[in-house]
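Engineer:
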Amino acid sequence: MGLFLAAAQAASTAGHGAEAAHGAEAAASGLPQLATHTYASQIFWLAVAVAVMYLIFSRVALPRIAGLMEERRDAVEDDLDRAAELRRKAEDAQKAYEAALAEARAEAQKIAEQTRAEIQKQVDEAMAKADAEIAARTAEGEKRIAEIRASALEAVEAVAADVAAEIVAAILPAAADAERVKAAVAAKLKG
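Okay, structure coming up:
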């Protein structure tokens with residue numbers, strides 16, 4: 024490209040020999056950018072430079088930049104899609120965890136209810152057994168009490184009959200019939 028610019032400049036200076044001498048004179052006297060007789064060549068080279076830069080940018084740089092921007096946009100979209108997928112998987116995992124937790128709680132509640140029922144059954148069986156044992160002991164105790172009472176009554180009846188027979192024999196010796204006295208004492212005690 025530098026070769027192209029050098030050739031164009033040589034052609035410009037050859038065609039403009041008088042102007043070049045005048046331009047050298049203007050360059051010596053001040054700023055060459057302000058020399059009006061070189062404006063045409065400056066505008067030409069400006070247009071060439073702009074055209075070359077446009078071609079470079081439009082054919083090389085801008086497509087690369089556009090490609091990089093498209094790649095970046097695609098990468099961002101892929102990242103967003105992946106993040107959405109991961110969020111969905113996390114939500115599914117959360118739901119599965121909550122379902123498993125609810126199932127475990129229900130199972131624990133079921134086991135607790137079964138345990139309570141078994142314990143209550145054992146308590147009821149123990150209470151029934153204790154009640155039966157208490158009832159049996161009570162019946163046995165009442166039977167023994169009845170036997171003791173009957174034995175005591177017999178003893179009291181025998182003592183009372185003996186005492187009554189002795190009293191009757193002491194008071195009325197002729198009317199002292201032991202069997203009649205026993206019958207009278209038994210009737211009095213029973214009734």
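First residue of the sequence shown? That's 24 in our numbering, and the numbers climb one at a time after it.
Virtual Cβ for every residue (Gly too), placed ideally from N, Cα, C.
All of these numbers come straight from a predicted model, not from anything done at the bench.
Taking C-beta to C-beta, are Ala178 and Val208 nearer than 8 angstroms?
Structural biologist: No, they are not a contact pair.
Engineer: Under a Cβ-count criterion, where at least 16 other Cβ atoms within 10 Å of its own Cβ denotes burial, should Ala41 be classed as buried or exposed?
Structural biologist: Only weak support exists for where Ala41 lies, its pLDDT of 48 falling under 50; the value from the coordinates is given anyway. Flag for Ala41 reads exposed.
Engineer: Output the boundary residues of the alpha helix (DSSP H) element that contains Phe67.
Structural biologist: It spans Tyr62 to Ile79 - the alpha helix (DSSP H) in which Phe67 sits, taken as one unbroken run.
Engineer: Assuming Leu212 and Glu189 form a contact by the criterion Cβ under 8 angstroms, report the distance between their Cβ atoms to the nearest whole angstrom.
Structural biologist: Contact flag wrong, Cβ pair sits at about 17 angstroms.
Engineer: If you measure between the beta carbons of Val191 and Val204, is that distance less than 8 angstroms?
Structural biologist: Yes. Within cutoff.
Engineer: Straight-line CA distance for Ile168 to Ala155?
Structural biologist: Rounded to whole angstroms, Ile168 to Ala155 spans 19 angstroms at the Cα level.
Engineer: For Ala125, does the count of other Cβ atoms within 10 angstroms reach 16, so buried, or fall short, so exposed?
Structural biologist: When all chains shown are included, Ala125 counts as exposed.
Engineer: In whole angstroms, what is the alpha-carbon distance linking Ala184 and Gly164?
Structural biologist: If you take the alpha carbons of Ala184 and Gly164, they lie about 29 angstroms apart.
Engineer: Leaving out five residues before and five after Ala129 in sequence, what residues of the same chain have Cβ atoms less than 7 angstroms from its Cβ?
Structural biologist: Answer for Ala129: no residue qualifies.
Engineer: Starting from Thr161, trace the alpha helix (DSSP H) both ways and give me its first and last residue.
Structural biologist: Counting along the chain, the alpha helix (DSSP H) containing Thr161 begins and ends at Leu85 to Ile194.
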